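Mapped onto numbering that gives the first Met the number 0, the consecutive letters of the sequence shown carry residue numbers 0 to 241. So the structure is just underneath, and the comments pick up after that.
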Amino acid sequence: MMLAEQDFRYIQDLVRERAAIVLESGKEYLAVTRLDPLVRRAGLGSLAELVAALREEQTSTLHEEVVDALTTNETTWFRDVAPFESLRTHVLPDLIQRKRLSRTLFIWSAGCSSGQEPYSLVNRGLPAHLLIKYFHRLGVRWELDARIRSMVRFQRQSLVGPWTNLPVMDLVLMRNVMIYFDTPTKRQVLGRVRDVLAPHGYLLLGSAETTLHIDDAFQRLAVGPTGWYRRKQGSPVRTGQG
Numbered sequence: 000m001m002l003a004e005q006d007f008r009y010i011q012d013l014v015r016e017r018a019a020i021v022l023e024s025g026k027e028y029l030a031v032t033r034l035d036p037l038v039r040r041a042g043l044g045s046l047a048e049l050v051a052a053l054r055e056e057q058t059s060t061l062h063e064e065v066v067d068a069l070t071t072n073e074t075t076w077f078r079d080v081a082p083f084e085s086l087r088t089h090v091l092p093d094l095i096q097r098k099r100l101s102r103t104l105f106i107w108s109a110g111c112s113s114g115q116e117p118y119s120l121v122n123r124g125l126p127a128h129l130l131i132k133y134f135h136r137l138g139v140r141w142e143l144d145a146r147i148r149s150m151v152r153f154q155r156q157s158l159v160g161p162w163t164n165l166p167v168m169d170l171v172l173m174r175n176v177m178i179y180f181d182t183p184t185k186r187q188v189l190g191r192v193r194d195v196l197a198p199h200g201y202l203l204l205g206s207a208e209t210t211l212h213i214d215d216a217f218q219r220l221a222v223g224p225t226g227w228y229r230r231k232q233g234s235p236v237r238t239g240q241g
């Protein structure tokens, strides 16, 4: 399928407005590849028809499907071993010691797709092959034990829209999310993360992401090869989450 220039510009504006994702010029091939299956599922004949449908109905679920199609929704149990190993050996022991009186940790997995990351966290770094003990067989499918599911709450949340009802977080995981943002948006999101991160809290970014030259109020920690960060002591916290 082909994507006309004006239709590509519309897609660029759509994903930037809805999700702050920067779809650069020259990435037309990516849009075609990702949106072609959506065109077929929607019973449309071309990408031009898809864009026409988007223009006609501004509030349709089709807009959300386009944004989803253009992001990487890869999610697996314990995706990348190193972060979960450092979580098990360093981060969680430190947080548990600090919160030993309240016995409650607040953890936010931002951009968690279908939930394997937060569920992996609940299992406290268990090797993937042991997860079988936490599932029940339902015909040809497996269901995660209700005890684990009850510890996790899913909520649709735009990182660039208003943030509501978020407690102070002990741990924020935002891996492979900022790669989609331009520098001003990265700076905005990191500043807002500081607003909800406890002074002792941890931030985990993807291996290709950094706060360097974006938000100097964070410092990288020497915790293995992974991107663990903390607020610098005395770093400013802005008021409000919006």
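Heads up, the beta-carbon is just placed ideally off N, CA and C, and yes, glycines get one too. Model, not experiment: these values are computed from the prediction.
Paired residues, beta bridge with residue i - DSSP
i, result
"residue 226", "204"
"residue 219", "228"
"residue 24", "In the DSSP output, where bridge partners are listed per residue, residue 24 has none listed."
"residue 95", "Residue 95 pairs with nothing; no bridge assigned."
"residue 108", "172"
Rounded separation between residue i and residue j - CA only
i, j, result
"residue 21", "residue 100", "44 Å"
"residue 12", "residue 54", "12 Å"
"residue 59", "residue 7", "19 Å"
"residue 302", "residue 37", "Residue coverage of the chain in this structure runs from 0 to 241, which leaves residue 302 outside it and unanswerable."
"residue 4", "residue 44", "18 Å"
"residue 231", "residue 179", "25 Å"
"residue 122", "residue 83", "Note that residue 122 has pLDDT 49, beneath the 50 cutoff, so the model's placement of it is unreliable and the number below is only indicative. Using only the alpha carbons, I get a separation of about 10 Å."
"residue 163", "residue 10", "28 Å"
"residue 107", "residue 30", "30 Å"
"residue 226", "residue 26", "28 Å"
"residue 42", "residue 15", "25 Å"
"residue 240", "residue 17", "Here the model assigns residue 240 a pLDDT of 49, short of 50, so the residue's position is not dependable and the matter cannot be decided."
"residue 217", "residue 203", "11 Å"
"residue 66", "residue 34", "10 Å"
"residue 57", "residue 24", "23 Å"
"residue 222", "residue 81", "10 Å"
"residue 181", "residue 208", "12 Å"
Same chain, Cβ closer than 7 Å to residue i, neighbours up to 5 away in sequence not counted
i, result
"residue 109", "158, 171, 172, 173 and 176"
"residue 97", "199"
6 Å CB neighbourhood of residue i in its chain, flanking five on each side removed
i, result
"residue 205", "174 and 175"
"residue 166", "105"
"residue 219", "228"
"residue 188", "158"
Per-residue DSSP class, three states only, for residue i
i, result
"residue 165", "coil"
"residue 170", "strand"
"residue 85", "helix"
"residue 196", "strand"
"residue 102", "coil"
"residue 159", "coil"
"residue 70", "coil"
"residue 190", "helix"
"residue 49", "helix"
"residue 57", "coil"
"residue 43", "coil"
Nearest-angstrom Cβ-Cβ length linking residue i and residue j, presumed shorter than 8 Å
i, j, result
"residue 190", "residue 214", "6 Å"
"residue 201", "residue 155", "Contact flag wrong, Cβ pair sits at about 24 Å."
"residue 91", "residue 46", "46 Å between Cβ atoms; not a contact."
CB contact below 7 Å: residue i versus chain C
i, result
"residue 14", "Within the model displayed, chain C is absent; a lone protein chain is all it includes."
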